[in-house]
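Trainee: Residue numbers (the numbering used here): 415 to 657. Let me begin by handing over the structure; questions about it come next.
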């Protein structure tokens, strides 16, 4: 049972970019651009602290329903950010991976994604996942379809599907489940993010809009996590006895 006061894997719902921009009389895409600084800060902090994995919710399956101009601006920003940030990720030994329905993206963005993943695949530092066109329900259905196909092909028996086998078919296969979920922007919901993997995550919500999320806010989230008793179905007394 995990007992560390520091999470191995942090997941973040980066909420509030549009509201940050609106409060300043700017277009929503200006908030998304400003939020890149907070992304960079969180990556740097995870690298500095030796945290194993960081998964960022950048664009959900439902976000495709947003105004076309905003979606286009976001996609262009993703391409630009990949080109700009990749050298720094390499210097920090970060392994970059994207999760989600990548076939929905433009050929240019798909090419950039594939190239960035290949370029960082040998890095042994922070495992950084960007959830792009991702939905938790889609992830679960996609895993179920993949396992069903293996059963039809005679490669797997239905009775052999357990939680471990199912988890290995999900987008975060090979990584520990997130210990800590941070959501900025004041909302207190999962918004279809990592529904399977967040089953036992500690949840931390703050009102800070994402472009204003700084080191002090990151530290506050980690301090909150460190002060919680993670029981995983046991009693508090059992956890204390095993510590």
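We treat Cβ as the ideally placed atom computed from N, Cα and C, and that holds for glycine. Please read all numbers here as calculations on a predicted model, not as lab measurements.
(1) Looking at the secondary structure, which residues open and close the alpha helix (DSSP H) in which residue 534 lies?
(2) Among residues of its own chain, excluding the 5 on either side of residue 489, which ones have a beta-carbon nearer than 8 Å to its beta-carbon?
(3) Examine the Cβ distances between the region 443–450 and the region 634–645 and report whether three or more of them are shorter than 8 Å.
(4) Are the Cβ atoms of residue 425 and residue 595 separated by less than 7 Å?
(5) Taking the CB atoms as reference points, tell me whether residue 477 and residue 624 lie closer together than 7 Å.
(6) Is residue 473 helix, strand or coil by DSSP?
(7) Between the C-alpha atoms of residue 516 and residue 547, what's the straight-line distance to the nearest angstrom?
(8) So within the region 546–631, which uninterrupted alpha helix (DSSP H) runs reach at least 4 residues, ignoring any that extend past its ends?
(9) Taking C-beta to C-beta, are residue 458 and residue 422 nearer than 7 Å?
(10) With a 10 Å radius around its C-beta and 16 neighbouring C-beta atoms as the bar for buried, classify residue 427 as buried or exposed.
(11) Thinking C-beta only, is residue 607 closer than 7 Å to residue 473?
(12) I'd like to know whether the C-beta atoms of residue 469 and residue 640 end up nearer to each other than 7 Å.
(13) So, for residue 538: in the same chain, excluding its five sequence neighbours on each side, which residues have a beta-carbon less than 8 Å away from its beta-carbon?
(14) Can you tell me whether residue 644 is helix, strand or coil according to DSSP?
(15) Between the region 551–565 and the region 524–531, do three or more beta carbon pairs fall short of 8 Å?
(16) Looking only at DSSP bridge pairs, what is residue 510 linked to?
(17) Using the DSSP secondary-structure output, state which residues sit across from residue 426 in a beta bridge.
(18) Tell me which same chain residues have a C-beta within less than 6 Å of the C-beta of residue 434, skipping the five on either side of it?
(19) Residue 561 and residue 570 look like a contact to me (Cβ under 8 Å); what is the Cβ gap, rounded to whole Å?
(20) Starting from the Cα of residue 511, find the closest Cα among 497, 534, 493 and give me that residue.
(21) How many angstroms separate the CA atom of residue 452 from the CA atom of residue 442?
(22) In whole angstroms, what separates the C-alpha of residue 479 from that of residue 486?
(23) Let me confirm a value: residue 429 is counted as buried when at least 16 other C-beta atoms fall within 10 Å, else exposed. Which label applies?
Mentor: Let's see:
(1) 521–534
(2) 519, 520, 523
(3) no
(4) yes
(5) no
(6) strand
(7) 7 Å
(8) 550–566, 577–581
(9) no
(10) buried
(11) no
(12) no
(13) 507, 509
(14) coil
(15) no
(16) 542
(17) 470, 596
(18) 445, 623, 625
(19) 6 Å
(20) 534
(21) 16 Å
(22) 12 Å
(23) buried
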